[in-house]
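J.: Sending over a structure as structure tokens; questions will come in a sec.
Protein chains in written order, with our numbering: chain A, 5 to 171; chain B, 78 to 689.
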């Protein structure tokens, strides 16, 4: 089946919003096992944006995202009455992921999760932005020489050792 | 004259107000009321509840203060009861060796065995070594997945993982092969590292198979028969879960400890027997059948049952203000149940189903208490208060106001604290019996078996007992427990979505539990069966002519639990086996099964005055 025809949660970004926000919604839905798709919608109002996404989704579930708010909508709801609407300042990753989880839970029919019930988790949020610049090991990384010739020599040596080991 | 009948029950206080014009015309009932009883039945703390009930009834009847001439109280409320429950087995893990739980979404599937390794140490693992990765929540799923992927590429044989955050699926999805990941393990820092561990995640819609089988664990860990014996409690605790981890620690020792449950000494008027609590409820009830009329009960000191009986005695002693030694237990009802108990030593708050016995006990109170209560009430409301008659007789009189009913007749009074029965045959004195255990016991069983929160302002178990269930399937419809569907015009609260809720008069109330509709329904009905079937049969057999239930043709159900939405039908079904017809009373043709005693008090006063 064509990727575009597969039933999925539709997510619409408000014009000018960071696409990273979509990824957090997607991650929330992924943990529950439901696919997501980013769609284009021109609506300026958050509820209308989410409703447009819901209308275009085969599941009838849509999410609208902006820098300040994330809204979950369902096709059968009155357009002006979204299922959930979260306004936030900071912790965008947490709120977008939460809405992603809930969008998926609407489909798999599991009870929704609410931010206020998870206050303890929010105090110790999971790391917001995965980044390889953050050290994950306790021991310091060895300082590498910056002479290209020296590096080439080391690489050759390592490859040779590996081949010996294979043999 | 205007008089009021007041019936103080274990859970509610009921009032009937009537006008007696002369002693040739039957009393004309003006109003009635029902409010929660304040304090424990038979104590002075009941007075505020009685005042409230009187005020409501007077309002209902449309009469003013000062018009009431006489209040009647039932004589010597014969019994008060208490309930207690203790587990008789317990699972203890002395070295942490097990994680078994049902996170919403474990990742991947299959089973993996290897050494537990912290995700940060993966880089220093030898090629080909079988490992189980331990991922604390500081490690974001992307970081963790990349580290694991790199380790796999470097030839480390990663077989599965234990994850603290709710990231199991996300990690599993980012790996080149399907591996089992158990997530939401809160106490991950207590997972021992460098130990042999097995991780299992069942297929979608299925449960684990190997780790809940003692021989499965033995196969994975190469255990001796002696060691296999020790893992049986682990396997038992993991049955029915979607995912689990078992870790083999050198000194690991798991055992089911049998708490000395003790013995119960049943002292009767014909003989005395000692029953082992281990034998369960049936053994206790069989013992009870042998001793004749129960005179007292003693629990073995220093055991759970000893503590239980002592607690009941203590409460009763405080209520009745009698010395501890004079409190005599006149009836007990024992009920078996399986209650989830947190496993001591578990890592993710695992539960194990343990055996427990619930005990309802009942002590006789003396008339002095009721006289004191009558005096207290008279002072409080400034109206003459009389003790009106034996409760069972009053209940029969009240029940006879049901349209279409006639003697000979047996009534079954299903209350909150006690189950009572009375038999009326024309020309003979009324025979009655009071037994321990009723509605409150049912609530206790529901609460413990489903492990529901207690305290707060609303008792969830009590609500489950009272209302049918439904599952909220969308924002616009629910599925009732009988599988019928109901649609709503307005969208429901998103908080209800996907939940099991109670269908109450005030709308849907979500239940704070993960149990399914089917499970809650089964526990609810089973609790009602175990308490009310046993007690109804015991009570009716006691009052039946020649002790044979078949000699009772009609039984009318009265009392608060008679209002239960399913209990009377369940009892009808059960008693049909004995050829007995059961119906729910309808006091004064409109009140249903409640207000029988209060109505009877008024009628009894009228009859007495009429007779002279």
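Just so you know, even glycine gets a beta-carbon here, dropped at the ideal spot from N, CA and C.
Rounded to whole angstroms, how far is the Cβ of residue 392 (chain B) from the Cβ of residue 119 (chain B), which I believe are closer than 8 Å?
T.: With a Cβ gap of about 12 Å, residue 392 (chain B) and residue 119 (chain B) do not count as contacting.
J.: Starting from residue 53 (chain A), find everything on chain B with Cβ-Cβ shorter than 7 Å and list it in chain order.
T.: Correct list: empty, because the minimum Cβ distance to chain B is about 19 Å.
J.: At what residue ranges does the segment 619-672 of chain B contain a whole run of the beta strand (DSSP E), taking only runs of 3 or more?
T.: Within the segment 619-672 of chain B, the complete beta strand (DSSP E) runs of at least 3 residues are 631-635 and 658-661.
J.: Are the beta-carbon atoms of residue 380 (chain B) and residue 367 (chain B) separated by less than 8 Å?
T.: Cβ atoms of residue 380 (chain B) and residue 367 (chain B): not closer than 8 Å.
J.: Exposed or buried, what is residue 497 (chain B) when buried is set at 16 or more other beta-carbons lying within 10 Å of its beta-carbon?
T.: When all chains shown are included, residue 497 (chain B) counts as buried.
J.: Of all the CB atoms in chain B, is at least one closer than 8 Å to the CB of residue 68 (chain A)?
T.: No - not a single Cβ of chain B is within 8 Å of the one on residue 68 (chain A).
J.: What span of residues does the beta strand (DSSP E) with residue 113 (chain B) cover, start to end?
T.: It spans 105-113 - the beta strand (DSSP E) in which residue 113 (chain B) sits, taken as one unbroken run.
J.: In this structure, what does DSSP give as the bridge partners for residue 376 (chain B)?
T.: Looking at the DSSP assignment, residue 376 (chain B) forms a beta bridge with B:341.
J.: For the putative contact between residue 690 (chain B) and residue 410 (chain B), defined by C-beta atoms under 8 Å, what is the C-beta separation to the nearest angstrom?
T.: Residue 690 (chain B) is absent from the model: chain B starts at 78 and stops at 689.
J.: Report yes or no: do the segment 604-612 of chain B and the segment 575-591 of chain B share at least 3 C-beta pairs separated by less than 8 Å?
T.: Judged by Cβ distances under 8 Å, the segment 604-612 of chain B makes no contact with the segment 575-591 of chain B, as fewer than three pairs qualify.
J.: So is residue 62 (chain A) buried or exposed if we call it buried at 16+ other beta carbons inside 10 Å?
T.: Exposed, because fewer than 16 other Cβ atoms sit within 10 Å of the Cβ of residue 62 (chain A).
J.: Using the Cβ count rule (16 or more neighbours within 10 Å means buried), how would you classify residue 78 (chain B)?
T.: Exposed.
J.: Nearest-angstrom Cα distance between residue 387 (chain B) and residue 518 (chain B)?
T.: Going from the Cα of residue 387 (chain B) to the Cα of residue 518 (chain B) covers about 18 Å.
J.: Can you give me the Cβ contacts of residue 135 (chain A) inside the same chain, cut-off strictly under 8 Å, excluding the 5 residues immediately before and after it?
T.: The predicted model places residue 135 (chain A) with a pLDDT of 31, which falls under 50 and marks its position as unreliable; any figure quoted below should be read in that light. Result list for residue 135 (chain A): empty, nothing under 8 Å.
J.: How do the segment 311-325 of chain B and the segment 350-364 of chain B stand: do at least 3 beta-carbon pairs fall below 8 Å, yes or no?
T.: Result no; under three Cβ-Cβ pairs closer than 8 Å.
J.: Taking Cβ positions, are residue 634 (chain B) and residue 489 (chain B) nearer each other than 8 Å?
T.: Closer than 8 Å, so yes.
J.: Could you spell out the range, first to last residue, of the alpha helix (DSSP H) harbouring residue 127 (chain B)?
T.: Residues 124-138.
J.: For a quick check, are the C-beta atoms of residue 412 (chain B) and residue 363 (chain B) less than 8 Å apart?
T.: Not in contact: residue 412 (chain B) and residue 363 (chain B) (Cβ atoms no closer than 8 Å).
J.: Indicate whether at least one CB of chain A lies closer than 8 Å to the CB of residue 247 (chain B).
T.: Taking Cβ atoms only, chain A reaches closer than 8 Å to residue 247 (chain B), which makes this a yes.
J.: Kindly list, in the order they appear in chain A, the residues whose Cβ is closer than 7 Å to that of residue 576 (chain B).
T.: Per Cβ cutoff of 7 Å: 115.
J.: Given residue 672 (chain B), which residues of its chain have a CB within under 6 Å of its CB, disregarding the five upstream and five downstream residues?
T.: Closer than 6 Å at Cβ, skipping near neighbours: 91, 93, 109 and 664.
J.: In terms of DSSP beta bridges, what is residue 591 (chain B) paired with?
T.: Answer is none; residue 591 (chain B) lacks a bridge partner.
J.: Quick check for students: name the residue ranges of the beta strand (DSSP E) that lie wholly in the segment 520-606 of chain B, counting only runs of 3 or more.
T.: List check, beta strand (DSSP E) in window: 546-549, 554-557, 562-564, 577-581 and 584-587.
J.: I think residue 33 (chain B) touches residue 632 (chain B), with their Cβ atoms under 8 Å apart; what is that distance to the nearest whole Å?
T.: Only positions 78 to 689 of chain B appear in the structure, and residue 33 (chain B) is not among them; the question remains open.
J.: So who's on the other strand from residue 428 (chain B), going by DSSP bridges?
T.: The partner list for residue 428 (chain B) (beta bridge, DSSP) reads B:419.
J.: Under 8 Å Cβ to Cβ from residue 139 (chain B), same chain only, skipping five residues before and after it: list those, please.
T.: These residues qualify, in order along the chain: 107 and 108.
J.: According to the neighbour-count rule (16 or more other Cβ atoms, all chains shown, within 10 Å of its Cβ), is residue 682 (chain B) buried or exposed?
T.: So residue 682 (chain B) counts as buried.
J.: Kindly list, in the order they appear in chain B, the residues whose Cβ is closer than 7 Å to that of residue 88 (chain A).
T.: Ordered by position in chain B, the residues that pass the 7 Å Cβ test against residue 88 (chain A) are 571.
J.: Could you check whether the Cβ of residue 50 (chain A) sits closer than 8 Å to any Cβ belonging to chain B?
T.: It does not: the Cβ of residue 50 (chain A) has no partner Cβ on chain B nearer than 8 Å.
J.: Helix or strand or just coil, what does DSSP make of residue 399 (chain B)?
T.: Here residue 399 (chain B) sits in coil by DSSP.
J.: Assuming residue 184 (chain A) contacts residue 29 (chain A) under a Cβ cut-off of 8 Å, what Cβ separation, rounded to an integer in Å, is found between them?
T.: With chain A covering 5 to 171 only, the question about residue 184 (chain A) has no answer from this structure.
J.: The alpha helix (DSSP H) spanning residue 250 (chain B) covers which residue range?
T.: Start and end: 245-250.
J.: Assuming the contact rule is C-beta atoms closer than 8 Å, residue 675 (chain B) and residue 84 (chain B) should be a hit. Round their C-beta distance to whole Å, please.
T.: The pair is a contact, with the Cβ atoms about 4 Å apart (cut-off 8 Å).
J.: What span of residues does the alpha helix (DSSP H) with residue 226 (chain B) cover, start to end?
T.: Element bounds for residue 226 (chain B): 218-230.
J.: Please report the distance separating the alpha-carbon of residue 456 (chain B) from that of residue 102 (chain B).
T.: So the alpha carbons of these two residues sit roughly 31 Å apart.
J.: For residue 414 (chain B), write down the residues that DSSP places opposite it in a beta bridge.
T.: In the DSSP output, where bridge partners are listed per residue, residue 414 (chain B) has B:433.
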